[in-house]
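Take the numbering used here: the last position of the sequence shown gets the number 157, and nothing is skipped along the way. Backbone N, C-alpha and C fix where the C-beta goes; we use that ideal spot for every residue, glycine too. In this text the structure is predicted, and so the values were computed from the model without any measurement. Below you'll find the structure, written out as structure tokens, and then a few comments.
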Amino acid sequence: MNALLKLEGAVRMLAEAGTLEEVKHVHDLAQAAAEYARAARLGLEAQNSAAEIKLRAERKAGEMLAGLERQPGRRSDITLSTIGQGSEYATVLEETDTTRQAAARWQKIATLPDDRFEEYIAETKAERAELTTTGILRFERELARAAVAQERQS
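See the structure below:
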């Protein structure tokens, strides 16, 4: 019961989060809860409840990151220390200790249409499978491949 109340609190916190730092805080709480549920053998449902919040936080973070200003023409493999003053995007990543790899993954998740995102969550739960970032990224790639194949047929 107490764990459910904490997860409900995390959902509220995520809905109210207005900065990437706040979203990351919810993400980290949800990730810790999912890991605890797995280690304590609380069952897949408990684990997926926390993992769902984590995925929603990643999606919201991706939406926030996608809206930040970037310096055009900059290589993504050059760090702030080598380019000096960075873009708003690079500055936020550095301030929130977010890797470029995580940021790219979160933005991929954010590109999924709402109905497809909800479809992944619902279908994964219905199949009694584990909700994961890797799983939703695989789902996004499959959708992208299907769209390309359909476009080629047209």
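For the candidate residues Asp100, Ile124, Ala107, Glu143, whose alpha-carbon lies nearest to that of leucine 115?
For this step, residue 115 is matched to residue 112 along the sequence shown. Measuring from the Cα of leucine 115, the nearest candidate turns out to be Glu143.
Going by beta carbon distance, what residues of the same chain come within less than 6 Å of tyrosine 123, once the five residues before and after it are set aside?
In the sequence shown, residue 123 corresponds to position 120, counting from 1. Excluding five sequence positions before and after tyrosine 123, the CB atoms of its chain that fall closer than 6 Å to its own CB belong to Ile139, Phe142, given in chain order.
Suppose the cutoff is 7 Å on Cβ atoms and the five residues either side in sequence are ignored; what does the same chain contact list for valine 14 look like?
Position 11 of the sequence shown, counted from the start, is the residue given in the question as residue 14. Excluding sequence positions up to five before and after valine 14, its CB lies within less than 7 Å of the CB of Ile56, all in the same chain and listed in chain order.
Among Ala105, Thr137, Arg131, Arg155, nearest to alanine 49 - alpha-carbon criterion
Position 46 of the sequence shown, counted from the first residue, corresponds to residue 49. In terms of CA proximity to alanine 49, Arg131 leads the group Ala105, Thr137, Arg131, Arg155.
Once the 5 residues before and after alanine 113 are set aside, which same chain residues still bring their CB inside 7 Å of it?
Here residue 113 is taken as the residue at index 110 of the sequence shown, counted from 1. Arg62, Gly65, Glu66, Ala69.
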